[in-house]
Amino acid sequence: MSEPSLPTDAARPPSPPPLGLLAELTHRCPLQCPYCSNPLALERPKGELATDEWRRVLGEAADLGVLQLHLSGGEPTLRPDLEAIVAHAAQVGLYSNLITSGVALTEARLAALAHAGLAHVQISLQDTVAASADRLAHYQGAHARKLALAAAVRKAGLALTLNAPLHRHNVARTADFIELAVAIGARRLEVAHVQYYGWALANRAALMPTRAEVDASVRVVEAARARLKGILTIDLVLPDYYATRPKPCMGGWGRGIINVTPSGLALPCHAAQSIPGLVFDSVRARSLQEIWETSPAFAAFRGTGWMREPCLSCDRRERDWGGCRCQAFAVTGDARNADPACALSSHHADFTGAAAAEAASAPPEFRYRRFSGAPAVTVAE
Amino acid sequence: MAAIERAIIGEASRPRLARSVMLREDKARGAWRILAPERVFTPDPVAIEVLRLCDGQRDCAEIARVLALSYEADAGAILADILPMLQDLADKGVIEA
């Protein structure tokens, strides 16, 4: 494995401002979903940014050109100052999305958030069957609470998105997720096959569906999209493992999104800390603009200057930006390699083969997402 | 709770921006944007003008008449142009009627 080397200044492309800020307000969460997108090494509550620090970061984000704020976690509603943060986002002109598990939010607090200027709420559902959903979240009664909150979001007049992370335990109920979204009155549904980084990579064998199951879910979504035009928008995210070309992860490294962790580290992607050799700046020490424009971690894989073959001469290099750097590192041992999701990668056959073999075997137990539950090593190929 | 139905936009519809949608200037990039759940749309100058007239009071025929004055064009022709645009915006959840 080699450390990522930085492109020279001459090759460093300009950095147009980001559209989105993903604010991980806390890594605390009542749920323990085995596909959590947080890093395996969760940040402790003690180091979390204070209200005034978040206010400053939001102001800097708006000045930089960020338009949308995604309030995430962990579970962002565990922050008692969420109303103040939302109010400040509205004041500086940011469009705010709340990405929540929905289990810790009362109707009264939701009304206060709406009053403070919240625009949109996204609630994740683990399954359409309560017993399975609660087992996945490792939280008794979670599903019922989520459905109650979804109804409250509609009652408050806020836009509602449901997020359905798909895997082998619920992929057969893709159509049920769609029906549930329509029945609840969501206008948007994310049918999002689990992306296998971090916790999900550690649980890959426990979660991986078969290719036939994935294909069936795609057919269900395509038929529903035609039927539900103007009623429900369905965004579909496919698992990399059955793809032939990678997705443009984060819209390209350092291109569209800044992620700020609970303690204030600015990352090009929420999983970026899994790549060794990158040094991340803190919003406590530098402004977002400085970080965006000059941080070596953001420059490391921005644009195409870092690429090697097969990305370097690929006519899709400015469409998929080489795919996911974190996945390239996790699977091939070198973050500058092509994403193994790409059929042009020399690792592609092993990559898809591993998934197919795991999907065909009985699923192992989950390793639930906990502060103390991080596996010592990530899954090797 | 009543099931949601697709909004069909006709000349008597009175469209307005959906509550979860913002039309705002993007000063950093010198453009206007429609901000919606997990979406950023970039409306063209005509769409911006139409959206500014979508106040929930005017119906589409009235919106076409206002535009006809500023463009010195036939209101009927403008109506025929803007109805598909408004239907598309309704299907995307940008406007309600």
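For the record, the sequence lines run as chains E and V. Per this note's numbering, the very first residue in the first sequence carries number 9; after that it's consecutive. Per this note's numbering, the very first residue in the second sequence carries number 19; after that it's consecutive. Using N, Cα and C, we set each Cβ at its ideal position, and we do this for glycine too.
List, in chain order, every chain V residue whose beta-carbon is nearer than 9 Å to that of N105/E. For N105/E, the chain V residues whose C-beta falls within less than 9 Å of its own C-beta are P55, E56, listed in chain order.
Contact set between the segment 121 to 148 of chain E and chain V, restricted to residues whose Cβ is under 7 Å from the partner: Across the segment 121 to 148 of chain E, CB contacts with chain V closer than 7 Å involve A127, H128, in sequence order along the chain.
Under 8 Å, do T360/E and Y250/E count as touching if we go by C-beta distance? yes
Contacting positions in the segment 227 to 239 of chain E - beta carbon closer than 8 Å to chain V: Listed by position, the residues of the segment 227 to 239 of chain E near chain V (Cβ gap below 8 Å) are K237, G238, I239.
On the three-state DSSP scale, how would you describe L188/E? helix
Using the Cα positions of C41/E and S132/E, report the straight-line distance between them to the nearest angstrom. 11 Å
For A31/E, which option in P318/E, A349/E, I265/E has the closest C-alpha, if you only look at C-alpha atoms? Comparing Cα positions, the closest option is I265/E.
Nearest-angstrom Cα separation, counted from A79/V out to A214/E: 57 Å
What are the uninterrupted segments assigned as alpha helix (DSSP H) that are 4 or more residues long and contained completely in the segment 289 to 358 of chain E, given in chain order? 296 to 302, 304 to 307, 333 to 340
Does the distance from the C-beta atom of A54/V to that of V39/V stay below 8 Å? yes
Contact check, V161/E vs V129/E under 8 Å by CB: the rounded distance? 5 Å
Quick one: which unbroken alpha helix (DSSP H) runs of 4-plus residues sit fully inside the segment 219 to 255 of chain E? Chain order, please. If we require 4 residues or more, the alpha helix (DSSP H) runs fully inside the segment 219 to 255 of chain E come out as 219 to 235.
For a quick check, are the C-beta atoms of P94/E and G67/E less than 8 Å apart? Looking at the sequence provided, one finds Val at residue 94/E rather than Pro. Their beta carbons are not under 8 Å apart, which means V94/E does not touch G67/E by this criterion.
Can you name the residues that DSSP bridges to V129/E? DSSP, once it has assigned bridges, lists L106/E, L168/E as partnering V129/E.
Locate the alpha helix (DSSP H) running through S140/E, then write down its first and last residues. 138 to 145
Please classify E119/V as buried or exposed, where buried requires at least 16 other C-beta atoms within 10 Å of its C-beta. Outside the modelled stretch of chain V, which goes from 19 to 115, sits residue 119/V, for which no answer is possible.
Three-pair Cβ contact test at 8 Å for the segment 30 to 37 of chain V versus the segment 234 to 247 of chain E: no
Under 6 Å Cβ to Cβ from F309/E, same chain only, skipping five residues before and after it: list those, please. W261, R333
Could you say which of L118/E, A351/E, A98/E lies nearest to A69/E if we only look at CA atoms? A98/E
Taking T241/E as the reference, give the member of R219/E, E221/E, S282/E, V199/E with the closest Cα. Out of R219/E, E221/E, S282/E, V199/E, the CA that lies nearest to the CA of T241/E is found in V199/E.
Decide if A19/E is buried, meaning its Cβ has at least 16 other Cβ atoms within 10 Å, or exposed. Reliability fails at A19/E, whose pLDDT of 47 lies under 50, so the model's placement of it is uncertain and the value that follows must be treated cautiously. A19/E comes out exposed.
Excluding five sequence neighbours on each side, which residues of the same chain lie with their C-beta closer than 7 Å to the C-beta of G189/E? The displayed chain sequence assigns Ala, not Gly, to residue 189/E. If we look at A189/E and ignore the five residues flanking it on each side, its Cβ neighbours are L170, L197, L240.
Starting from the C-beta of A150/E, find all residues in its chain whose C-beta is less than 6 Å away, skip the five residues before and the five after it, and write them out in chain order. V111, D142
Quick one: what's got a C-beta closer than 7 Å to A115/V's C-beta in the same chain, skipping five residues either side? Correct list, in chain order: A25, I27, S31, R32, P33, A108.
How big is the Cα-Cα spacing for A365/E and D77/V? Computed Cα separation, rounded: 59 Å.
So who's on the other strand from R176/E, going by DSSP bridges? Answer is none; R176/E lacks a bridge partner.
Buried or exposed: V287/E, going by 16 or more other Cβ atoms within 10 Å of its Cβ? Taking all protein chains shown into account, V287/E has fewer than 16 neighbouring C-beta atoms within 10 Å of its C-beta and is therefore exposed.
Chain E contact residues for G111/V, given Cβ-Cβ distances below 9 Å: A167, R195, R196, G238, T241
For L75/E, which option in G28/E, T85/E, V229/E has the closest C-alpha, if you only look at C-alpha atoms? G28/E
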